[in-house]
Amino acid sequence: MSAEDPTLPLPDPAPRRAPRGRSRRATRTVEPAQRLPVARVAVDVGLAHLDRPFDYLVPARLDAEAVPGCRVRVRFGGALVDGYLLERVEHSDFTGRLGFLDRVTSAEPVLAAEVAELARAVADRYAGSLADVLRLAVPPRHARAERAADDPVPAGPVPPPDPDGWRPYPAGAAYLRALVDGRAPRAVFTAMPGDDWADRLADALTAVAAGGRGGLAVVPDARDLDRLDAALTVRLGAHRHVAIAASLGPEQRYRRFLRAARGRVPVVIGTRAAMFAPVPRLGLVAIWDDGDDLHADDHAPYPHAREVLLTRAQQAGAAALLAGYARSAEAQLLLATGWAKPIVADRAALRASAPRVVATGDEYQLARDPAAAAARLPGVAVRAARDALAADAPVLVQVPRRGYLPVVVCQRCRARTRCPRCAGPLAVPAAGGFPVCRWCGHTAGGYRCPECGGRELRAAVIGARRTAEELGRAFPGAVVRTSGRDGVLDRVPAEASVVVSTPGAEPVADGGYGAVLLLDSWALLTRADLRAAEETLRRWLAAAVLARPGAAGGRVVVVADASVPVVQALVRFDPGGFAERELADRRALGFPPAVRMASLTGTAPAIAELLAAATLPDGTDELGPVPVATPRAAPDDPERQRLLLRVPRAQGPALATALRAATAVRSARKDADPVRVQVDPLELL
DNA sequence: TCAATCCGTATC
DNA sequence: ATACGGATTGAC
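Sequential numbering from 177 applies to the first sequence in the numbering used here.
Quick look at the structure:
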């Protein structure tokens, strides 16, 4: 085709300029806004090397709508892309020629300055891009929700909460007072058995609202959210808080997000979808059960709600509350560094409310009670359950879900195997042979158990199949209910019944359970996860706290070896002591959170290329790469590998910066072969 | 010597 | 993605 082709409607003598002609003309006729004519825009493109603001001119006609935090559309490179207007400024440092904003999608300021700053920090910490984080932070726009009228806003001040529920916790009342007074206390709160956590969290949120500030709380799942919602409604009524969850439809989700963004409610609660929610005059961030892995987002860059909220507290000068019946190693680290203070029940109150916990070996009543044997219930457990049923109290039976990964344990003492080189877990290849480290690939020939010196290894038993019918036969005449994946029960009445539940689905019993049985502990304890012990105690405690006090007959029976530290922690009801020990162990072994880790997943050449482009901090430990199992590997798919990087905590930011820079180099070069970068990967197999 | 085309790179 | 600039190539 030639330019002289008469069929082409291109009379322009300079065809090279034709594509620019429209904006060129616009430049001449469109006037920039008089005041603050430059808009700094975060464009929604996923490329790492474009992860910075770009400057545009605001046309005078868009002056009023182009407010900081609004959604805009701009010409970027060839295409029109979405973006957020970060700020309006007088001058641009850009030496080239500025383009104009194409349009303001909506004048609604959906990206508060506080949230933009938070999102930037989270992107930096996780070696991800701002655009990726903003996709998590701001829900998709829904025009109808934007037009809809706001719900009523109740007038008048919020009265401070009744501190009575905090009486067992010596530091509790002072914490609430500090929240009312506008201070920023930071605490790790360990709730005691029998206490209702939702009431305590609602107290704290009410306190901060009473002081004229906003509060934000994140819980693991929808059921927890309902409980917190109910506790808040009792204290604040129905219109001073919103609950945000990803499971809401797009319209409801955006509507509630807008209520928060418009400053109509002082309190926002939600699942992790709410961790970036805008809260006016943020005074408190709270998280319930931070050890639950539902708090880790599954979209890049995979931020964890605890880390996001702590960053937020730091940046906003807000109070922080990490609450749980258990205590994570990360929470313990905050106490160890003095960043947060503990709020725990005094020993007397704890003794009065805790059930009696006994550990029992897995010897069964074989001859006398075949039904109990079929259900693999030890005699102690059967007696505790029958006593409870006789007292017309419900019995809770916690059984692990099936499907945990098999790991290799010592045949003699059942201790988990540890790689002699990097202390990672060992696995036996499907083809057989020597065990191989799942982290660094080291082949551990001639393995000796570090606990007992044993040389024989065995694959650990995976969550045994157990059915409600089996338990039903063991307790003839009792009603047997189940609560789990399909069909979660919320509450059960105070009457004789057996409730079989998987971890996380335990119903609350009116008046408490007479007995709680924790079965198949090996399936939990031998999980191929360095957090297996912490996770086990977290799940056991979640069930055990639902039992009646020991003085009222409450019994917890855990089928496990009483000499194992995690079992002792349960028997003594001592999550704090366990967390201290766990953190010490992780320091000794070089595990998170004592160190910072990052995983790189991709093909071997892509990983090598990323590493070559990265200037890693001095002393970075490289573990691997090792092949990683892909769930559905196509036949022509190149094998994926995983490399772990380990640095001291202080080098964490430097590691993230280095990985981000290396990703930027790769994305600028258009290296298609992707490498997934995950900082603090949850699964360290 | 000029213009059409290719390739690498920046994208306000 | 796509538009631009500089390098490259090929025809006169």
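Where a beta carbon is used, it is the ideal one built from N, C-alpha and C, also for glycine.
For this session: Write down every uninterrupted run of the alpha helix (DSSP H) in the region 661-749 whose length is 4 residues or greater and which is fully enclosed by it, in chain order.
Result: For the region 661-749, whole alpha helix (DSSP H) runs of length 4 or above, ordered along the chain, are 697-701, 708-720, 741-747.
Exercise. Would A496 pass as a contact of L511 if the rule is Cβ separation under 8 Å?
Worked result: No; because the gap between Cβ atoms is not below 8 Å, this pair is not in contact.
Exercise. Taking Cβ to Cβ, would you say R532 is nearer than 8 Å to R731?
Worked result: Yes, the Cβ-Cβ distance between R532 and R731 is below 8 Å.
Exercise. Which residue's Cα is closest to the Cα of D379: V733, V286, A499, F749?
Worked result: Comparing alpha carbon positions, the residue from V733, V286, A499, F749 closest to D379 is A499.
Problem set entry | Three-pair Cβ contact test at 8 Å for the region 430-443 versus the region 468-486 | Contact fails: fewer than three Cβ-Cβ distances are below 8 Å.
For this session: Quick one: using the 10 Å Cβ neighbour count with 16 as the cut-off for buried, is G778 buried or exposed?
Result: Under this definition G778 is a buried residue.
Exercise. To which residues of the same chain is A789 closer than 7 Å at the C-beta, ignoring the five residues directly before and after it?
Worked result: Closer than 7 Å at the Cβ level, and outside the excluded window around A789, lie A838, V841, R842.
Exercise. Taking the continuous beta strand (DSSP E) assigned at D278, which residues delimit it?
Worked result: 277-282 is the extent of the beta strand (DSSP E) around D278.
For this session: Specify the secondary structure class of A472 as computed by DSSP and reduced to three states.
Result: In this structure, A472 counts as strand in the three-state DSSP scheme.
For this session: Identify every residue that forms a DSSP beta bridge with Q817.
Result: G778, P803.
For this session: Give the DSSP bridge partners of I445, in chain order.
Result: Paired residues: A393, A419.
Problem set entry | Where A288 falls: helix, strand or coil (DSSP) | It is coil, neither helix nor strand.
For this session: Could you please give the first and the last residue of the uninterrupted alpha helix (DSSP H) stretch that includes S504?
Result: Neither: S504 is in no alpha helix (DSSP H) and is coded neither H nor E.
For this session: Determine the DSSP secondary structure at L860, reduced to helix, strand or coil.
Result: Coil at L860, not helix or strand.
For this session: Look at the Cβ atom of V443, then the Cβ atom of R403, and state whether they are nearer than 8 Å.
Result: Between V443 and R403, the C-beta gap is not smaller than 8 Å, which leaves the two residues out of contact.
Exercise. Are three or more beta carbon pairs between the region 280-289 and the region 385-397 nearer than 8 Å?
Worked result: Segments in contact, no.
Exercise. On the premise that V291 lies in contact with A313, defined as a C-beta separation below 8 Å, what is that separation, rounded to the nearest angstrom?
Worked result: Correct: roughly 6 Å between the Cβ atoms.
Problem set entry | Cα-Cα separation between A350 and K517, rounded to whole angstroms | Here the C-alpha atom of A350 lies approximately 12 Å from the C-alpha atom of K517.
Exercise. Secondary structure at E427, three-state DSSP: helix, strand or coil?
Worked result: Residue state, collapsed to three classes: helix.
For this session: Measuring alpha carbon to alpha carbon, tell me which of R228, P229, R249 ends up nearest L238.
Result: Comparing Cα-Cα distances from L238 to each of R228, P229, R249, the minimum goes to R249.
Exercise. With a CB to CB cut of under 6 Å and the five nearest residues on each side skipped, what residues in its chain are close to Y345?
Worked result: I519, A521.
Exercise. Quick one, which of L408, H267, T593, L274 has its alpha-carbon nearest D338's?
Worked result: Distances from the CA of D338 to each of L408, H267, T593, L274 were compared; the closest alpha carbon is that of L408.
Problem set entry | Alpha-carbon to alpha-carbon, R594 and A780 | Each residue's alpha carbon lies about 25 Å from the other.
For this session: Confirm, please, whether the CB-CB distance from S659 to V675 is below 8 Å.
Result: Contact flag set, yes.
Problem set entry | Per-residue DSSP class, three states only, for F230 | Per DSSP, reduced to three states, the secondary structure at F230 is strand.
For this session: Taking 8 Å as the threshold, find out whether the region 458-469 comes into contact with the region 327-337 through three or more Cβ pairs.
Result: Touching, no, given that fewer than three Cβ pairs across the two stretches are closer than 8 Å.
For this session: Work out the CA separation of P426 and A240 for me, nearest whole Å.
Result: Computed Cα separation, rounded: 28 Å.
For this session: Would you tell me roughly how many angstroms separate the C-alpha atoms of A764 and L786, rounded to the nearest one?
Result: Going from the Cα of A764 to the Cα of L786 covers about 30 Å.
Exercise. G259 bridges to which residues according to DSSP?
Worked result: Answer is V219, V248.
Problem set entry | Assigned secondary structure, Q490 (DSSP; H/G/I helix, E/B strand, else coil) | Q490 falls in the helix class under three-state DSSP.
Exercise. Going by other Cβ atoms of all chains shown within 10 Å of its Cβ, with 16 needed for buried, is T447 buried or exposed?
Worked result: Looking at its Cβ environment, which holds 16 or more other Cβ atoms inside 10 Å, T447 is buried.
Problem set entry | As assigned by DSSP and simplified to three states, the class of L647 | L647: helix per DSSP, three-state reduction.
For this session: Note down the Cα distance separating T271 from D794, rounded to an integer number of angstroms.
Result: The C-alpha of D794 is placed about 37 Å away from the C-alpha of T271.
For this session: Say yes only if the C-beta of L860 is nearer than 7 Å to one or more non-hydrogen atoms of the ligand FAD, and no if none qualify.
Result: The ligand FAD is absent from the structure shown, which contains no ligands of any kind.
Problem set entry | Residues near R216 in its chain [Cβ-Cβ closer than 7 Å; skip 5 each side] | If we look at R216 and ignore the five residues flanking it on each side, its Cβ neighbours are P229, D231, L262, E263, V265.
Exercise. What's the gap between the Cα of W342 and the Cα of A723?
Worked result: Rounded to the nearest angstrom, the two C-alpha atoms are 20 Å apart.
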